[in-house]
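Numbering (full-length UniProt numbering), first residue to last: 1 to 97. Glycine residues also receive a C-beta, built at the ideal position from the N, C-alpha and C atoms.
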């Protein structure tokens, strides 16, 4: 069993000056990520209006499959024109770790 994780650090548009506006950008991204059958949630920068951190995790039998799913998630987030992907922190853990 392998678990792969990624945390996406996002810069939100200048008009996200309230937490309500921030949610209007974050919620559709989290919903789109869940179509990959991953766990996804806003995990950081919760009080910052112009930034967001979204975390995803997947469990798979093979490490290659776990990496493929995380790669797909990264492509989805990077392709969103309304946000800028600043960085991605990735991890892969096996049962022997």
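When the beta-carbon positions are compared, residue 52 and residue 10 come within less than 7 Å of each other. Scanning 96, 77, 81 for the CA closest to the CA of residue 40 turns up 77. A distance below 7 Å between beta-carbons, with the five flanking residues on each side excluded, links residue 22 to the following residues of its chain, in chain order: 12, 16, 49, 52.
Beta-bridge pairing by DSSP links residue 8 to 54, 88. Residue 61 counts as exposed, since fewer than 16 other C-beta atoms from the protein chains shown sit within 10 angstroms of its C-beta. Approximately 7 Å separates the beta-carbon atoms of residue 55 and residue 5; this is inside 8 Å, confirming the contact.
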